[in-house]
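**Student:**
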Ligand code: M6R
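In full-length UniProt numbering, the protein residues as written are 245 to 596.
Structure below.
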């Protein structure tokens, strides 16, 4: 059952600390500062193609960012595009990212990869799923069953697992910052769940014409995911953009009636540039919701702030998403939507 929560989605958002602890268990050795994943076998990870759909695609984009930052050639592809017009595959290892392991589009992509002789890995939540059985190896995210159609804890699980995969593939000693950030991650998520003001933010923008989400680097896929969650359960128009793309077109849509959720992490170059984008939308009278650790001056230009604990940039993108999950959830709940079973959607899309 829903253990007292109004919806499975809210229950599953709250299960994230436990789900992430399970994902990390036995895989991160804090004392030794090492990461190991025994399921990874002896696949060759010199070149990686991540294939996925929907929320899992956003995890794949995030994962490609993590891997690229370690100097590993990695690309994220929509599975449905990949299956019908694949790039050269043969010397790549293809990672199917799929919560269910049953998504027809993603299975078509991993099957095409196998047919062309590539090694395949299923990164999935579902033991014994078709993808887990068909791929050479299966890496389980251990999020526990997810009932709500909207993917929540499994996205956080995928992000966490992709950090582990990246460290194993990078084949060096993971940096201390990441190991301690992963150790703190479940507790940091709990802090957000205990202290979030996302419900008040949702209340403030129920009459919005559209909801926009922006971010850079690892927070670009977070913007995409924030928008997908919002449109899926609230039925309101929502779009996610790479923050740098705004002034190349989308800025024309920005008005006083389009709140912009901007994720700003740290105080470096990416944060400075994203604060620049925040000023641009603020100058067009758009309400700004800053999702931030408070290390930049983003909140100075924001109408609301959704705070995240200070952490490594890699885990910050996991935390920022939790705030956006809550903002979408509360918006949809206040609008009286069918949160756990949104119209027209199925939990697992088993047709191409
Ligand atoms: O089971 P999968 O991860 O392969 O599912 C892929 C998408 O259908 C899925 O992530 C969908 O976008 C989510 N339900 C959105 O919340």
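All C-beta atoms in this analysis are idealised placements derived from N, C-alpha and C, irrespective of residue type, glycine included.
Could you name each continuous beta strand (DSSP E) segment of 3 residues or more that falls completely within the stretch 248 to 329, going from the start of the chain to the end?
**Tutor:** 291 to 296 and 317 to 322
**Student:** Starting from residue 455 and walking both ways along the beta strand (DSSP E), at which residues does that stretch end?
**Tutor:** If you number the chain shown from 1, residue 455 lands on position 211. Here the beta strand (DSSP E) through residue 455 covers 455 to 459.
**Student:** Residues bridged to residue 381 by DSSP?
**Tutor:** Translated into the one-based positions of the chain shown, residue 381 becomes position 137. In the DSSP output, where bridge partners are listed per residue, residue 381 has 365.
**Student:** In or out: residue 418 buried (at least 16 other Cβ within 10 Å) or exposed?
**Tutor:** Taking the first residue of the chain shown as position 1, residue 418 is located at position 174. Under this definition residue 418 is a buried residue.
**Student:** Would you tell me roughly how many angstroms separate the C-alpha atoms of residue 592 and residue 366, rounded to the nearest one?
**Tutor:** Position 348 of the chain shown, counted from the first residue, corresponds to residue 592. Position 122 of the chain shown, counted from the first residue, corresponds to residue 366. The alpha-carbon atoms of residue 592 and residue 366 are separated by roughly 16 Å.
**Student:** State yes or no: is the C-beta of residue 561 within less than 8 Å of the C-beta of residue 532?
**Tutor:** Along the chain shown, read from residue 1 onward, the residue named residue 561 stands at position 317. Along the chain shown, read from residue 1 onward, the residue named residue 532 stands at position 288. Not in contact: residue 561 and residue 532 (Cβ atoms no closer than 8 Å).
**Student:** Answer with buried or exposed for residue 255, where buried requires no fewer than 16 other C-beta atoms within 10 angstroms of its C-beta.
**Tutor:** Within the chain shown, the letter at position 11 stands for residue 255. It counts as buried.
**Student:** Ligand 1 and residue 298: does any heavy atom of the ligand fall closer than 7 Å to the residue's C-beta?
**Tutor:** Counting from 1 along the chain shown, the entry for residue 298 is found at position 54. Yes, the beta carbon of residue 298 sits closer than 7 Å to at least one heavy atom of ligand 1.
**Student:** Out of 347, 479, 295 and 403, point me to the one whose CA is closest to residue 385's CA.
**Tutor:** In the chain shown, counting from the first residue as 1, residue 385 sits at position 141. Here the closest residue by C-alpha is 403.
**Student:** Take the Cβ of residue 472 as the centre, count every other Cβ of all protein chains shown within 10 Å, and call the residue buried at 16 or more, exposed below.
**Tutor:** Start at 1 with the first residue of the chain shown, and residue 472 comes out as number 228. Buried is the call here.
**Student:** Just to confirm the assignment: which complete alpha helix (DSSP H) runs, minimum length 4, are found wholly within the stretch 485 to 531?
**Tutor:** 513 to 527
**Student:** CB-CB under 6 Å to residue 494, same chain, minus the five flanking residues each way: which ones, in chain order?
**Tutor:** Residue numbering aside, residue 494 sits at position 250 when the chain shown is read from its first letter. Closer than 6 Å at Cβ, skipping near neighbours: 485.
**Student:** Hey, out of 247, 527 and 519, whose CA is closest to residue 543's CA?
**Tutor:** Residue mapping note: residue 543 aligns to position 299 of the chain shown, counting from 1. For residue 543, the nearest C-alpha among the options comes from 519.
**Student:** Check whether the Cβ atoms of residue 395 and residue 353 sit closer than 8 Å, and answer yes or no.
**Tutor:** Here residue 395 refers to the residue found at position 151 of the chain shown. Here residue 353 refers to the residue found at position 109 of the chain shown. No, these two residues do not count as a Cβ contact at 8 Å.
**Student:** Report whether the distance from the Cβ of residue 352 to the nearest heavy atom of ligand 1 is below 7 Å.
**Tutor:** Here residue 352 is taken as the residue at index 108 of the chain shown, counted from 1. Every heavy atom of ligand 1 is 7 Å or more from the Cβ of residue 352, so no.
**Student:** Determine, using beta-carbon pairs with one atom in the stretch 357 to 373 and one in the stretch 559 to 576, whether at least three such pairs fall under 8 Å.
**Tutor:** no
**Student:** Quick check on residue 462: does DSSP put it in helix, strand or coil?
**Tutor:** For the purposes of this step, residue 462 is taken as the residue at position 218 of the chain shown. Residue 462 falls in the coil class under three-state DSSP.
**Student:** Taking Cβ to Cβ, would you say residue 226 is nearer than 8 Å to residue 323?
**Tutor:** Residue numbering for the chain in the displayed model covers 245 to 596; residue 226 lies beyond these limits and cannot be assessed.
**Student:** In the DSSP assignment, what residue or residues form a beta bridge with residue 342?
**Tutor:** Numbered from its first residue, the chain shown carries residue 342 at position 98. Per DSSP, 368.
**Student:** Let's see if you can read the secondary structure: which residues bound the alpha helix (DSSP H) around residue 574?
**Tutor:** Residue numbering aside, residue 574 sits at position 330 when the chain shown is read from its first letter. Element bounds for residue 574: 557 to 578.
**Student:** Quick one: Cα of residue 397 to Cα of residue 453, how far?
**Tutor:** To locate residue 397, count along the chain shown from 1; it is residue 153. To locate residue 453, count along the chain shown from 1; it is residue 209. When rounded, the distance between both Cα atoms is 28 Å.
**Student:** Of the residues 557, 579, 376 and 415, which one's Cα is nearest the Cα of residue 448?
**Tutor:** As a working mapping, residue 448 is identified with position 204 in the chain shown. It is 579.
**Student:** Taking C-alpha atoms, which residue in 289, 408 and 400 lies nearest to residue 430?
**Tutor:** Walking along the chain shown from the start, residue 430 turns up at place 186. Distances from the alpha-carbon of residue 430 to those of 289, 408 and 400 put 400 closest.
**Student:** Round the Cβ separation of residue 392 and residue 252 to the nearest angstrom and send it over; I've been treating them as touching at under 8 Å.
**Tutor:** Translated into positions along the chain shown, residue 392 becomes position 148. Translated into positions along the chain shown, residue 252 becomes position 8. So it is a contact: roughly 4 Å between Cβ atoms.
**Student:** Going by the C-beta, is residue 483 closer than 7 Å to any heavy atom of ligand 1?
**Tutor:** Reading the chain shown from its first residue, position 239 is the one you call residue 483. No - ligand 1 has no heavy atom lying nearer than 7 Å to the Cβ of residue 483.
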